[in-house]
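Notes for the one structure printed next.
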Amino acid sequence: MKLFPFGHATHPQWQMAAGLVLAQLRAQMALPDYASSPTLGLLYITDHYASSAQEILDHVSAELPEVTDWSGTVGVGIASSNVEYFDEPALGIMLCALPPDQYRVFSGVAPLPAAFRPHTALVHADAATPDVAELIAEMADRTATGYLFGGLASSRSDVVQFAVGGNGNLGGHGKAGGVFTGGLSGVAFGEGVELVSRVTQGCQPVGAARGITACEGNLVQELDGEPALDLMLEELGISLEQPQAALAALRQTLVGLTEASQDVVSRTGHFGADVVVRHIVGIDPQRRGVAIASKVEEGMQLAFCRRNAEAARADLVRICAEIREELEPEDLPLAVASALAANDAGAAPSPERRIAGAIYVSCAGRGGPHFGGPSAEMQIVRRALGDVPLVGFFAGGEIARNHLYGYTGVLTVFR
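Note that the numbering used here has the sequence shown beginning at 195, numbered continuously upward.
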């Protein structure tokens, strides 16, 4: 599989930004290492362009007639290789060269055909959709692996999604222009599209995982039979007798939750992929409880954690390393092994050359200054993963497997 052409640009006028992106795409499509006839386009725009979404889609699809299928959405920020665009008008496009029988674009007006059995799926969703978490879980159940990746659109104006299949001729699509609000949309992939995906929580546990033994609604009253508030204060090393110091510590503390049968903390000391991180929203000194931004049930596992730049950087590097490790060949050919023995680094297989393209969906609360400066998060990804084609957006909630996360990053690569 050849590299996926991609481009990104910012400009007050979307026509100028689109022209810059199209120039990048055409230049890459003329190079031997890049796909020359891609058919699936992924389009992400910042909310500055949201009101012009239909015009943008019409323009780029007319300029790229060979691309018959489009998917994407809007974010308060978008990402591409080594750069983040926050609070500025920008758009990014990646053109994927995949076998036409191995993917289908879907939306509320053009659901997946029953004959197509998806293996995985890229999902964009509107947070205002009723029961969106349940719809995501139902979509995951429709796939053979149960694995979704993507996120909730984020916008300070119009919340839009792009979904065009078969140049607008997909059954059920009708005269719809390909720009939608509400519900779910995305791309379902067949078994022939090989993906590797990881979730970075950006949090580090500060104590052991404990079972919830008493709770009411979103109030955790007991952990392993002990008062939840007392355990939290002990693990954080704070006291309610010093309210200002306690408040400052609580503002940086969250909780990681999993079902009873799943481990919160992995053997490496990081949160596992099934952990959902939620805010602490209050304490109940009278009942010695801790209130969190999620309903809980007895038997669930809980661990207190902190979210900071150092933890986020370390965890992001970790998932990139895991992806690179999975892409490394287990057995090196003799010629390569000999070259490595001779310290000929140039002959070594490079994981980024085994990646055709990547999609990164990060929380809108993670980008920029949280990692130490503008575009710092994407610079970490590029240094750790390599110089690969990449697009994505900053979401109002991240989707991985059948879960809806917060404050996470979801990195997915096409092998």
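Cβ coordinates follow ideal geometry from the N, Cα and C atoms, glycine included. It should be emphasised that the depicted structure is a prediction, and the values quoted were computed from it without experimental measurement.
If we count the other Cβ atoms within 10 Å of its Cβ and call it buried at 16 or more, is residue i buried or exposed?
| i | result |
| --- | --- |
| A552 | buried |
| E519 | exposed |
| L441 | exposed |
| Q622 | No statement about residue 622 is possible, as the shown extent of the chain runs from 195 to 609 and does not include it. |
| R220 | exposed |
| R311 | exposed |
| Q222 | buried |
| E522 | exposed |
| Q395 | buried |
| E416 | buried |
| R298 | buried |
| G201 | buried |
| M210 | exposed |
| G365 | Residue placement at G365 cannot be trusted, given a pLDDT of 47 that sits under 50; the coordinates are not used to answer. |
| S245 | exposed |
| E278 | buried |
Just checking my contact of residue i with residue j at CB under 8 Å: how many whole Å lie between their CB atoms?
| i | j | result |
| --- | --- | --- |
| V317 | L389 | In fact, because the Cβ distance is near 13 Å, the residues do not count as touching under 8 Å. |
| V511 | A578 | 5 Å |
| A454 | M426 | Going by Cβ atoms, the distance from A454 to M426 rounds to 20 Å, so no, they are not a contact pair. |
| V248 | G371 | Here residue 248 turns out to be Gln, not Val, going by the sequence shown. With a Cβ gap of about 5 Å, Q248 and G371 count as contacting. |
| V604 | S391 | 7 Å |
| A589 | V555 | 5 Å |
| G483 | V414 | 6 Å |
| W264 | L285 | Actually they do not touch by this definition, with Cβ atoms about 13 Å apart. |
| L598 | F498 | Wrong, their Cβ atoms sit about 21 Å apart, outside the cutoff. |
Per DSSP, which one or two residues make a beta bridge with residue i?
| i | result |
| --- | --- |
| E420 | L417 |
| H202 | G286 |
| Q398 | R500 |
| R392 | L605 |
| V484 | V414 and I477 |
| I330 | According to DSSP, I330 bridges with nothing at all. |
Suppose you measure from the CA of residue i to the CA of residue j; what does that come to, to the nearest Å?
| i | j | result |
| --- | --- | --- |
| E435 | V582 | 52 Å |
| H367 | G376 | Note that H367 scores 42 on pLDDT, short of 50, meaning its location in the model is unreliable; the coordinates nonetheless yield the value given after this. One C-alpha to the other measures close to 16 Å. |
| L225 | T262 | 21 Å |
| V326 | A319 | 8 Å |
| L216 | V469 | 40 Å |
| H205 | H242 | 10 Å |
| S275 | L584 | 5 Å |
| V270 | Q355 | 14 Å |
| L214 | A203 | 6 Å |
| C290 | Q207 | 26 Å |
| A331 | G266 | 20 Å |
| D295 | T339 | 18 Å |
| G362 | M333 | Interpretation of G362 is limited by its pLDDT of 43, a score under 50 that renders its predicted location unreliable; no figure is taken from the coordinates. |
| Y341 | V607 | 14 Å |
| G411 | A485 | 9 Å |
| Q398 | F280 | 26 Å |
| G540 | E571 | Low confidence applies here, because G540 scores a pLDDT of 40, under 50, leaving its location unreliable; read the following figure in that light. Rounded to the nearest angstrom, the two C-alpha atoms are 28 Å apart. |
In the DSSP assignment, find the beta strand (DSSP E) that holds residue i and state where it starts and stops.
| i | result |
| --- | --- |
| S265 | D263 to G269 |
| R298 | Y297 to F300 |
| E278 | V277 to F280 |
| E592 | E592 to A594 |
| E410 | R404 to E410 |
| P226 | Careful: P226 lies outside any beta strand (DSSP E) and carries neither H nor E. |
| G586 | L584 to A589 |
Between which two residues does the alpha helix (DSSP H) harbouring residue i extend?
| i | result |
| --- | --- |
| R577 | A570 to L579 |
| S556 | Segment G551 to C557 is the beta strand (DSSP E) holding S556; no alpha helix (DSSP H) there. |
| V511 | A503 to L521 |
| H318 | It is not in any alpha helix (DSSP H) - H318 instead sits in the beta strand (DSSP E) that spans T314 to A319. |
| H253 | A247 to E257 |
| L444 | P437 to R445 |
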